[in-house]
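Report on the following structure.
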Amino acid sequence: MTKIEEFFEKNSLAIVLFIVLAYVFSMGVRMYWPIHFEGSSAMHYAGELMINTNDGYFFSTGARDIINGVIAEDKQRASAFRASPGLVLLTAYATKFTSFSLDTVSLYLPAVISSLIVIPIVLTGRLLGNTLLGFLAALLGSIAWSYYNRTMVGYYDSDMFSVFLQFMIFYSFLNVVYNKNIVGIIFTAFLIFIYPYFYPQGLMLVYAMYILLAAYLILEYKGLIRGQETKAFSEGHFSLYGSIILFSIPLMITLSIEIRIIIFMMALVLLLSKRLEEKYLIYTALFFFVAFLFFGNVFTVILSKVLIYADRGVADGSLKFYEVVQTVREAGAIPFETMANRISGSQVGVILSLIGYVFLVMRHKAFLIALPLIGVGVFSMIGGLRFTVYAVPVAALSGIYLLYIIGDLIKTSVKDEKFKNLSKYAFIVLATAALIYPNITHIQGYLVPTVLNKTEVNDLVKLDEMASEKDYTLTWWDYGYPI
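Counting from -17, one number per residue, gives the positions in the sequence shown under my numbering.
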């Protein structure tokens, strides 16, 4: 390890600096869209650029009702809060307690939240003992093709939380494996508790990662997997059985949040008292894991998701019927090139990432926990392009990890000692820039319009003035949420 590498790993300020720089980079790139359309008056209303996703009006209406203290009688209008209470409440409070308008908050919140993905990516690099790797991966992962598309300025939707919170949970799982401390376990449980309130659609992947985590911890505890870089199990096997118990409880989503919190607190107190012998801890952990499978509705959720995206409609008969999902463009099968571009920005990039992931698992077996994330990205060729986004952070880490392996080979091939490290890092930095470049060019060309233009909004305002609370409208989906 060079002096610079040692400085990065031992200095806490270095990791803060890397996170800040990566966050500024992510935000800066996302500002390209609003700056480009700054002079387009047709896309502005009330002095602010409008949003570019239809669903945004659905959630903004829910936030506006909370700000105004209104309880919507219309079930569809009130369902915004049930769909993503975290997004609606965060938007409402950000508007209420800052000087920004609801329009401004709705416009920029996706970029502000989604750019936080750099935190778990950099921290994952630190767990690997290579913070610089995490930083470079954060630069790539934060603006990769599909992640940018679903988190750009104006894309006001619950998607801003989908990958960020999910990867935070993945990092927390890794932290439990590496450090095995009570603080990390409780923090991870907290993330699992809040995740469904921001993006419940991603629970299937959280389930899968948790099951792999439990399996990994058991195998490591039994000595079937060597964990040379991870800390040993301690505190009366708390890190093993306590993790399974405390992670199972928040995932029992069919139980009310109040019941789950009470059970969690009781289990935590019991575990901290250290009164249970190991054999009773085993039985308790097994009981809660089985309860998670039952009350988490695990098999039903996984099976339903698979059937929804695997069933493409009826092919036989004189009349042909289609599943609803088949009419959604994002759920249609995609070729390898599209999958590769959306995950890593290029076919070369995704190939490097997939190879890098294999090496990553070979050298750091805990990364098997990320298999559902990288796997669902590959599944997108069948299930549709919406699944590519989940693989982005892991692919970024894996791709940069492979660059480090190649960089080490270059270093050993250089005979002059003065140029060994220089040649290694010159290659890594230049290769990282090459992986980032196609994503930047995509962003420059991805100039989507706003959902509505100024003229259409003026017409809707007139409609609002003419209509009463007893009136209803029948309209195409594009106008449904704005109305």
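We treat Cβ as the ideally placed atom computed from N, Cα and C, and that holds for glycine.
- Query: With a Cβ-Cβ cutoff of 8 Å, do Ser42 and Ser88 count as a contact?
  - Reply: yes
- Is Gly331 buried or exposed, if buried means 16 or more other CB atoms sit within 10 Å of its CB? buried
- Message: What does the alpha-carbon distance come out to for the pair Ser352 and Phe152?
- Response: Reading off the sequence, residue 352 comes out as Ala, not Ser. If I take the Cα positions, the gap works out to 7 Å.
- Can you grab the Cα-Cα spacing for the pair Tyr179 / Pro232, in whole Å? 12 Å
- Can you tell me the Cα-Cα spacing of Tyr454 and Thr432, whole angstroms? 25 Å
- Could you spell out where the alpha helix (DSSP H) holding Pro102 opens and where it closes? Val100 to Leu109
- Taking C-beta to C-beta, are Pro375 and Gly123 nearer than 8 Å? yes
- Message: Is the beta carbon of Lys393 closer than 8 Å to that of Lys402?
- Response: yes
- Query: Should the stretch 95 to 102 be regarded as contacting the stretch 7 to 18, the criterion being three or more beta carbon pairs within less than 8 Å?
  - Reply: yes
- Message: Short of 7 Å in beta carbon distance, which residues of its chain neighbour Phe215, apart from the five on each side in sequence? Order them along the chain.
- Response: Lys162, Tyr203, Ser221 and Leu222
- Item | Contacting residues, own chain, Cβ-Cβ under 7 Å from Asn435 (five flanking each side not counted) | Ala24 and Met25
- Can you tell me the Cα-Cα spacing of Gly(-7) and Thr35, whole angstroms? The sequence as given places Asn at residue -7; Gly does not occur at that position. Distance between the alpha carbons of Asn(-7) and Thr35 is about 42 Å.
- Query: Three or more beta-carbon pairs under 8 Å between the stretch 187 to 206 and the stretch 239 to 248, yes or no?
  - Reply: no
- Message: One question on the structure: do Thr423 and Leu385 come within less than 8 Å of each other, judged by their Cβ atoms?
- Response: no
- Message: If you follow the alpha helix (DSSP H) that Pro178 is in, where does it begin and where does it stop?
- Response: Neither: Pro178 is in no alpha helix (DSSP H) and is coded neither H nor E.
- Task: Taking only the alpha-carbon atoms, compute the straight-line gap between Met134 and Ala76 and give it to the nearest angstrom.
- Result: 19 Å
- Item | Boundaries (first-last residue) of the alpha helix (DSSP H) holding Ser238 | No alpha helix (DSSP H) holds Ser238; DSSP gives it neither H nor E.
- Ser181, buried or exposed, once every other Cβ within 10 Å from all chains shown has been counted against 16: The sequence as given places Tyr at residue 181; Ser does not occur at that position. By the neighbour-count rule (16 or more Cβ atoms within 10 Å), Tyr181 is buried.
- Task: Can you give me the start and stop residues for the alpha helix (DSSP H) that His18 sits inside?
- Result: Tyr14 to His18
- Query: Would you call the CB atoms of Ala171 and Leu228 closer than 8 Å?
  - Reply: yes
- Item | Boundaries (first-last residue) of the alpha helix (DSSP H) holding Met134 | Unbroken run through Met134: none, as it is neither H nor E.
- Return the first residue and the last residue of the alpha helix (DSSP H) that Tyr419 is part of. Glu399 to Gly427
- Query: Can you round the beta-carbon distance between Gly111 and Ala119 to whole angstroms, since I take them to be within the 8 Å contact cut?
  - Reply: No, Gly111 and Ala119 are not in contact; Cβ-Cβ is about 14 Å, not under 8 Å.
- Applying the criterion that 16 or more other CB atoms from any shown protein chain within 10 Å of the CB defines a buried residue, is His346 buried or exposed? buried
- Task: Determine the DSSP secondary structure at Glu260, reduced to helix, strand or coil.
- Result: helix
- Which stretch, first to last residue, makes up the alpha helix (DSSP H) that contains Asn36? Element bounds for Asn36: n/a, residue is neither H nor E.
- Task: Give the DSSP-derived three-state secondary structure of Glu30 in the structure shown.
- Result: strand
- Query: For Tyr428, which residues from the same chain have a beta carbon less than 7 Å from its beta carbon, with the 5 sequence-adjacent residues on both sides left out?
  - Reply: Asn131
- Output the boundary residues of the alpha helix (DSSP H) element that contains Phe152. Asp141 to Asn161
- Item | Collapsed DSSP secondary structure at Glu451 in the structure displayed | coil
- Determine the closest residue to Pro16 out of Gly136, Thr437, Gly365 and Thr457, with distance taken between C-alpha atoms. Gly136
- Between Leu442 and Pro464, is the Cβ-Cβ spacing less than 8 Å? yes
- Rounded to a whole number of angstroms, what is the C-alpha to C-alpha distance between Gly218 and Ser238? A caution first: Gly218 carries a pLDDT of 49, below 50, which makes its placement in the model too unreliable to give a value.
- Item | Option nearest Ile176 by Cα separation, candidates Leu72, Val340, Gly21 and Phe349 | Leu72
- What is the rounded straight-line gap between the Cα of Ala93 and the Cα of Leu258? 47 Å
- Query: In terms of alpha-carbon separation, which member of Ile235, Leu69 and Thr370 lies closest to Asn279?
  - Reply: Ile235
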